[in-house]
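Taking it in order: structure first as structure tokens, then the write-up.
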Amino acid sequence: MMSDGEDQKKNTEEAIGGAALVEEAFVALSKGRKFFAGERIGFLDIVTGCCLRWMDVISRMGGVKLIDEIKTPNLFKWARDFTFDAVVTEDMPDVEELMQHAKYIIAPVQASGDKLIFQIRLLTVELSDII
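In structure tokens, the structure reads:
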């Protein structure tokens, strides 16, 4: 079950705002190149790319498109390039399977009548914090 309209609108705006921040970070870091660190998939691409299929699930189930060709054109192109790159194509999970997992997770909450609020928090991590 989704949250009430006001919470849902706020959460959606925050998630879209987060995607806009990732767009800005991509533009700054990629410097016009195909991926975050250049012409080949690197660490930040993999970290960010792990979320792509779940974003597809959210888009299909909740009608919220986080990466948009108009609002986040650079991120949209990056997502397409990442998804179809031979390095990751075989390992990308199937969206339909993830949707089934999401429905399985959501079902008990819906059955109990509790409110379920989905929030996407996009965190920025400096590489120096990881190393």
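Okay, so the sequence shown: first residue is 0 according to numbering that gives the first Met the number 0, each after it adds one. Ideal Cβ placement from N, Cα and C applies to all residues, glycine included. Keep in mind the model is a prediction, meaning the values are calculated, not measured.
Just measuring C-alpha positions, the residue of F35, F34, K64 sitting nearest G17 is K64. Assigned with DSSP and collapsed to three states, G61 falls in helix.
Where I45 is concerned, the enclosing alpha helix (DSSP H) starts and stops at 42-48.
Nearest C-alpha to M54 among R79, K8, G37, K33: R79.
A Cβ-Cβ contact shorter than 8 Å links E22 with T71. Annotation: the continuous alpha helix (DSSP H) that includes R79 extends over 72-82. In this structure, T47 is the residue among D93, E68, I105, T47 with its C-alpha nearest to the C-alpha of F25. Partner residues in the beta bridge of F34, as assigned by DSSP, are G37.
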